[in-house]
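Visitor: Structure below; questions to follow.
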Amino acid sequence: MRDVVTVENVGARAGSPKTRAAPIACIDLDRFCGNCGYNLRTLPVYRDDRTGIPVVRCTECGRFQSANDASTALRPWLDRLTLFLLGAWVLFLMAIFAHLCLAEGAVSYANLDELTEHVGSNIRRIGNVTIRDWVNTSAPLEVTTEYPEYEFFIASILFGSFMIAFTSGLFAVIAIPHWHRAAYVGLMLAMPVIAGGVVAVVWKYDAPHLFLWGMPYIAAHAGAQLLGGLAGIAFGRPLGRLAVRVFLPPSVRPRLAFLWLADGKPFPRSRVDPHPATANATAGR
């Protein structure tokens, strides 16, 4: 019976694995060293004495690594695809918040536009219905002196601003769970400021003589949007957790455990958990 000799990675750092001289297999695919990128194909695979894990030693840099974890020829392309998807996700988030900011500004401007009319317009009113026969867009604007249900309109459009900003805050705390609370507050503060500033500039260009008249409305919308954003931050994840409990089966819920972990809460284990080990590990984080 042939003796099996134990050898060490000469010249490697302390703690390198001890392997037996008799190889158990060889690398038969294009796999690459995680340290230097050298192709490990045809190199022998040994079993580590201490852990029993198959390891391979790179002949280029001398580093030991798991034979199962070595990168294949497909790995660089997967890394590129991962980078591309991460970039696409960041662009998607930026587009979502840009559109929500645009919506906040559009609601604010719609408020001003609805309460004003062009002087050259031939306006006829039949009950509560306003009919514009023609509109001279080059004519100056003036404030509508008679607007039916003014209070209801203002309350409704301010509530619309609040809900748009609430959606922004809810989306932020769910889609970007690793941010600190101050970052969410800063984003919710920046969006109405940017939207209100753009609306103020556009309104000053469209109706300079009504600029001061329109500023209270712009400020009111900015305030409603700020409150809505803060409410979205406060109630976004609780509403997300409630939706997960109501609409998703227990087997799928662990994939959304970050809704609990981001707030420092343990992930709740269901009564019938098909993966108890996973639930225990998640709850112990």
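First residue of the sequence shown? That's 4 in this note's numbering, and the numbers climb one at a time after it.
C-beta: ideal position from N, C-alpha, C; glycine also.
Here the structure is a predicted model, which is why all the values come from computation and not from measurement.
1) With DSSP as the reference, label Phe270 as helix, strand or coil.
2) By alpha-carbon positions, which one of Arg272, Arg50, Ala178, His212 ends up nearest to Ala265?
3) Check each candidate in Val93, Leu96, Ala106 and name the one with the smallest Cα separation from Ala225.
4) So, does the stretch 78 to 87 touch the stretch 186 to 200, judging by three or more C-beta pairs under 8 Å?
5) Would you report the Cα separation of Cys64 and Arg44, rounded to the nearest angstrom?
6) Who are Ser69's beta bridge partners in DSSP?
7) Have a look at Pro271 and Leu262 and give me their C-alpha separation to the nearest angstrom.
8) Pick from Val202, Leu242, Val110, Gly172: whose alpha carbon is nearest that of Leu229?
9) Which value, in whole angstroms, describes the spacing of the CA atoms of Ala246 and Phe238?
10) Are the beta-carbon atoms belonging to Arg240 and Pro180 less than 9 Å from one another?
11) Look at the alpha carbon of Pro269 and the alpha carbon of Arg258, and state the distance between them as a whole number of angstroms.
12) In the structure shown, what three-state DSSP assignment does Asn1 receive?
13) Could you tell me the distance, in whole angstroms, from the CA atom of Phe35 to the CA atom of Val202?
14) Please say whether Ala198 and Cys104 have beta carbons closer to each other than 9 Å?
15) Among all the DSSP beta bridges, which residues are the ones paired with Ala28?
16) Rounded C-beta distance between Ile30 and Val58? I'm assuming under 8 Å.
17) Determine the closest residue to Arg260 out of Arg244, Gly217, Val249, with distance taken between C-alpha atoms.
18) Cutting at 6 Å between CB atoms, please list the residues of its own chain near Thr62, excluding the five before and the five after it.
19) By the 10 Å Cβ neighbour count, where 16 or more other Cβ atoms means buried, how is Tyr112 classified, buried or exposed?
20) Report yes if the C-beta distance between Leu144 and Leu213 is below 9 Å; otherwise report no.
21) Output yes or no for whether 9 Å exceeds the beta carbon distance between Met166 and Gly231.
22) Consult DSSP for Val255 and reduce its assignment to one of helix, strand or coil.
Guide: Looking at the atomic coordinates:
1) coil
2) Ala178
3) Ala106
4) no
5) 15 Å
6) Val58
7) 11 Å
8) Gly172
9) 12 Å
10) yes
11) 14 Å
12) The shown model of the chain, from 4 to 288, leaves out residue 1, and the question about it has no answer.
13) 56 Å
14) yes
15) Val48
16) In fact, because the Cβ distance is near 11 Å, the residues do not count as touching under 8 Å.
17) The displayed chain sequence assigns Ala, not Arg, to residue 260. Per the Cα distances, Arg244.
18) none
19) buried
20) yes
21) yes
22) coil
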